[in-house]
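**Student:** Before I ask anything, let me first share the structure, which is written out below as structure tokens.
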Amino acid sequence: MGPEFVIRPAVENDLPGISTILTHYALKTVLTFATAGPTDEALRKKFRNIIQENQFPYFVATTRSSSQTYNNTDQVIGITYISPWLPERSAYKHTGEMTLFVHHEHQGKGIGTQLMSALLKAIPRTRIRELLAVMAVDDKGRGAGLGLRDYYVHWGFREVGRMERVGFKFERWIDVIFLQLHVNNDTH
Ligand SMILES: CC(C)(COP(=O)(O)OP(=O)(O)OC[C@H]1O[C@@H](n2cnc3c(N)ncnc32)[C@H](O)[C@@H]1OP(=O)(O)O)[C@@H](O)C(=O)NCCC(=O)NCCS
């Protein structure tokens, strides 16, 4: 039996499901420095900016339905996308920042692996040459937070910097690690 989920490009109808995942991580974890879920307006604006203005990838994992396209019974159980890094400074235009979240009840089923793989495969269609992952070090997480760093290293990312105590959430000071992947997109 194949996996019980499908990976496909996100569509606007997925935004409520995407919001549910982002809201969970904002309210319950230090993995994002957002302390509230996104507003519908902000989420839609960012979605359109990524897909339409930048033509960057945005994928969702959904519970299996019969097709690779949107189906209104799909439940979004994972998301990944690339957003422009500091877009107001256009010399950064070949650098993107990735985001990856799997629904907390669906971790450890290979969804993160499939999302990451889809994201990396989509990069040659974009102008991105350097991909960043910016992660919070959750000292209560796997390997005191460094498990997640190792997860990115496994995909070829290199740790390129660490900012100490830049986040304060749930009465804890939190470090951030920058990871970088050169994606060999030399034609752009
Ligand atoms: C990290 C995350 C994306 C991985 O996705 P997933 O679907 O749970 O992972 P997979 O089932 O594809 O597992 C792939 C491998 O990564 C490992 N892994 C999963 N989560 C990990 C974590 N937080 N730290 C270290 N390793 C992790 C798994 O053990 C597995 O390794 P194995 O094959 O040797 O057993 C997901 O757990 C998640 O969304 N976590 C919370 C949010 C988060 O940390 N996002 C990144 C913010 S920068």
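Here the sequence shown is numbered in UniProt numbering, starting from 1 and rising by one per residue.
Backbone N, C-alpha and C define an ideal beta-carbon position, used for all residues, glycine too.
(1) Less than 6 Å between the CB of Thr20 and some heavy atom of ligand 1, yes or no?
(2) Can the beta-carbon of Val102 be found closer than 7 Å to that of Val76?
(3) Quick one: any contact between the stretch 141-150 and the stretch 106-121, if contact means 3 or more CB pairs under 8 Å?
(4) Pull up the DSSP beta-bridge partners for Gln180, would you.
(5) Starting from Arg112, trace the alpha helix (DSSP H) in both directions and tell me its first and last residue.
(6) List the whole-angstrom C-beta distance separating Val134 from Glu97, where the pair is believed to meet the contact cut-off of C-beta under 8 Å.
(7) Tell me which residues share the same chain as Ala42 and place their Cβ nearer than 6 Å to its Cβ, disregarding the 5 neighbours each side in the sequence.
(8) Sorted by chain position, which residues of the same chain lie with C-beta nearer than 6 Å to Asn54's C-beta, five sequence neighbours on each side aside?
(9) Between the Cα of Trp155 and those of His182, Phe170 and Ala136, spot the shortest distance and give me the residue it belongs to.
(10) Using the C-alpha atoms, what's the distance from Pro9 back to Lys140?
(11) Please tell me whether Arg129 and His94 are closer than 7 Å, where the distance is taken between their beta carbons.
(12) Report whether the distance from the Cβ of Thr63 to the nearest heavy atom of ligand 1 is below 6 Å.
(13) If Ile18 and Pro57 are in contact, beta carbons under 8 Å, what's the gap, nearest whole angstrom?
(14) For Lys45 and Asp14, I'd like the C-alpha separation in whole angstroms.
(15) Looking only at its own chain, which residues have a Cβ that is under 8 Å from the Cβ of Gly167, when we skip the five neighbours before and after it?
(16) Please list, in chain order, all residues of the same chain as Pro38 whose beta carbon is under 7 Å from its beta carbon, the five residues on each side excluded.
(17) Reducing DSSP to helix, strand and coil, say where Lys169 ends up.
**Tutor:** According to the data block:
(1) no
(2) no
(3) no
(4) Leu132 and Arg158
(5) Per the sequence shown, residue 112 should be read as Gly rather than Arg. Here the alpha helix (DSSP H) through Gly112 covers Ile111 to Ala122.
(6) 6 Å
(7) Cβ within range, chain order: n/a, list empty.
(8) Pro84
(9) His182
(10) 33 Å
(11) yes
(12) no
(13) Taking a contact as a CB-CB distance under 8 Å, the pair Ile18 and Pro57 does not count as one, their CB atoms being some 14 Å apart.
(14) 14 Å
(15) Val30, Phe33, Ala136, Trp173, Ile174, Asp175 and Val176
(16) Ser19 and Leu22
(17) Judged by DSSP in its simplified three-state form, Lys169 adopts strand.
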